[in-house]
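Everything below concerns the one structure shown next.
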Amino acid sequence: MNIVVREAATDDAQLLAALTRAAWANKVAVTSSGHRETAVKCAEDLRLGGGFILLADNIPVGSVRWLPVESEPHIWEILRMGVIPEYRGHHLSQHLLEAVIHHGLLSDIEELRLAARADQPQLIDFYTAFGFELAPELEYSHANPLEPAPLVMRRVLRP
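Structure below.
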């Protein structure tokens, strides 16, 4: 399988929305806003932050986005990372996470944050393997107020 991660452009907003909805289907609680992702929201996220699209043999199979924390622009929150069901089990999401980490380092970002949903605790070990640590003192600014608070993790890129 030939794996490529490319930066998402504004023209990819519809694709990002479709990938997010497909990755969330039957994987994430139905109350998650990811099930109702729109191209308008994706385009706004790309304008304010950025994103990557994961291709396997030239087929879009996953995506991730990031946004700067509103009051701390040198901190990014990673959001909406996912791989469509047909391509799960091949450790492909690590390519998305590695791309964001690398891009954050090149962009002189101080810290990356992400959230693990309360109903997906198995992600803690995955994120820990990439240098993220639990940060119970932090709140995830993109948390859905209708759901249990996610577990926030951080990775310091530069002190």
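In the numbering used here, the protein residues as written are 2 to 160.
Glycine included, every Cβ here is placed at the ideal spot set by N, Cα and C.
With 16 or more other Cβ atoms inside 10 Å of its own Cβ, R114 counts as buried.
For F131, there is no enclosing beta strand (DSSP E), as DSSP gives it neither H nor E.
Under the 8 Å Cβ criterion, the stretch 36–49 does not count as touching the stretch 93–108, having fewer than three qualifying pairs. Listed in chain order, the non-local C-beta contacts of I125 below 6 Å within the same chain comprise A117, local neighbours out to five positions each way being set aside. Looking at the backbone, the Cα of A9 and that of L47 are separated by about 8 Å. DSSP, reduced to helix, strand and coil, places P160 outside both helices and strands of the structure shown, so it counts as coil.
Only residues of its own chain outside the window of five on either side were considered, and among them A117 have a CB closer than 6 Å to the CB of L152, listed in chain order. At a Cβ-Cβ threshold of 8 Å, G90 and A24 do not count as neighbours. Judged by their CB atoms, V157 and E112 are nearer to each other than the 8 Å cut-off.
T21 counts as buried, since no fewer than 16 other beta carbons sit within 10 angstroms of its beta carbon. The alpha-carbon of I102 is positioned some 11 Å away from that of D109. Excluding residues up to 5 positions away in sequence, I110 and E111 lie with their Cβ nearer than 7 Å to the Cβ of H75 in the same chain.
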